[in-house]
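First the structure, in the form of structure tokens, and then the observations on it.
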Amino acid sequence: MKVISDAEVRATLLAGAAVRVSRDALVDAHRGTLKAPPRAGIDVGSTELVFTAGGNSSGTVGFRCYGLWPGHADQLVAVWDDKGSLRGVVVGTALGALRTGALGGAAVDALAKPDASVCAVIGSGTQSWAQLWGACAVRTFSEVRVSSPTPENRAKFAARARDELGLNAVDLADSVEAVRDADVVLVATKSTKPVLPATAFAPGCHVNTIGPKLRGASELPPELASVAAIVASDSPAQAAAYGNPFFTGRKLAHLGGIIAGELPGRISEGQITLYCSTGLAGADVLLADHVLSELDLAA
């Protein structure tokens, strides 16, 4: 049984492989061969302890657990094999963010225009980076525009995108200017007020939203869900558990069904498409299993 650190996750989990594993998980979840119920939480007063679990038909099963203490983001993911042996435990923060980024990459691959070349990133934190990491595995961007409120943060993000991903990345103070004519817009903030008006999004763009999604407390305007031709999620069941998401009133498509070709996807270049990340339980487990397998091969 191995204990895997953040450093090992970052060194081992490549974006292309992470998107592939996530894509397969999404299809399996849609078809019911990946069991991935909504997350559960235990409120103990000082914090809430959150659990997600998942398992597929091949026998890989496990769970993720994390607490909501302010300033502490450590998570634990445990994986068992089909014979009941504990394969390993992943401890830290990296896997959770990269899981979200890989699912976002799968959404970009399924819903963005095939020739998408301009990407806007709204936000400059860990989740924003993971979204760009995943998106770059499925599209080749000629330009990346980064916008966030803090000049230093967005400048550092753009520099990192140039250095680590080889991108033509610039930082902009004006978020509306950043998304102008963008083919892909990745929004990952903590804002409970819309950071952009619905009119800012160009016809044909695809949007990933990672941050708050409640009606009256969302990083994107509810009007965007009204004009989008497709509103998809990695876990409609988890979205329903939110109670009052900003996309209420729209039939939420399962991203896995779109990937499998069993639900309609983009049919024209002018359509706006929206992916609402809600967290597919079990994706962490399958990505952790992949990391463990890669480490076994390298041993």
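Residues 353 to 651, numbered by the working numbering, are exactly what the sequence shown covers, in order. Cβ atoms here follow ideal geometry from the backbone N, Cα and C, with glycine treated the same way. On a predicted model such as this, the values are computed, not experimentally measured, just so you know.
Taking only the alpha-carbon atoms, compute the straight-line gap between residue i and residue j and give it to the nearest angstrom.
i, j, result
"R383", "E504", "45 Å"
"T551", "H558", "14 Å"
"V473", "F509", "10 Å"
"T630", "R375", "15 Å"
"A359", "L615", "38 Å"
"D586", "A511", "30 Å"
"A458", "L626", "13 Å"
"K545", "S499", "16 Å"
"R439", "W485", "27 Å"
"A405", "K387", "8 Å"
"P422", "V396", "14 Å"
"Q590", "A612", "20 Å"
"S469", "V531", "12 Å"
"C628", "A487", "15 Å"
"R391", "A633", "7 Å"
Verify whether the separation of the beta carbon atoms of residue i and residue j is less than 8 Å.
i, j, result
"A534", "C471", "yes"
"A521", "V496", "yes"
"A381", "G608", "yes"
"H642", "V373", "yes"
"V361", "A464", "no"
"R567", "P597", "yes"
"A482", "A449", "yes"
"V355", "V460", "no"
"V303", "Y418", "Only positions 353 to 651 of the chain appear in the structure, and residue 303 is not among them; the question remains open."
"A584", "I562", "no"
"L538", "S476", "no"
For a cutoff of 8 Å on Cβ pairs, would you count residue i as touching chain C?
i, result
"G436", "The displayed structure is made up of one protein chain only, and chain C is not part of it."
Residue i: which of the options sits nearest, CA to CA?
i, options, result
"G622", "H642, D376, V536", "V536"
"N408", "G423, P389, G419", "P389"
"K603", "A612, Y594, S527, P588", "P588"
Could you spell out the range, first to last residue, of the beta strand (DSSP E) harbouring residue i?
i, result
"I474", "470 to 474"
"H558", "558 to 561"
"S499", "495 to 499"
"G609", "Note, G609: premise wrong, no beta strand (DSSP E); alpha helix (DSSP H) at 607 to 611."
"D641", "Taken as a continuous stretch (DSSP letters only), D641 belongs to no beta strand (DSSP E), being part of the alpha helix (DSSP H) at 635 to 650."
If you follow the alpha helix (DSSP H) that residue i is part of, which residue opens it and which one closes it?
i, result
"R514", "503 to 517"
"G453", "446 to 463"
"S578", "574 to 579"
"D426", "D426 -> no alpha helix (DSSP H), and no H or E assigned at all."
For residue i, verify whether its CB is less than 7 Å away from any heavy atom of the ligand GDP.
i, result
"T452", "This structure lacks the ligand GDP, and indeed carries no ligand of any kind."
- [ ] Inspect the CB distances between the stretch 485 to 497 and the stretch 573 to 581 and report whether three or more fall short of 8 Å.
- [x] With a cut-off of 8 Å, the stretch 573 to 581 and the stretch 485 to 497 do not count as touching, because too few Cβ pairs lie within range.
- [ ] Determine contact between the stretch 409 to 423 and the stretch 629 to 649, defined as no fewer than three beta-carbon pairs at a distance below 8 Å.
- [x] yes
Open item on the list: For the stretch 575 to 586 against the stretch 514 to 531, do three or more pairs of beta-carbon atoms, one drawn from each stretch, fall closer than 8 Å, so that the two count as touching?
Closed with: Three or more Cβ pairs closer than 8 Å define a contact, and the stretch 575 to 586 falls short of that threshold against the stretch 514 to 531.
Task: the stretch 425 to 433 / the stretch 452 to 467 touching (three or more Cβ pairs under 8 Å) - done: no
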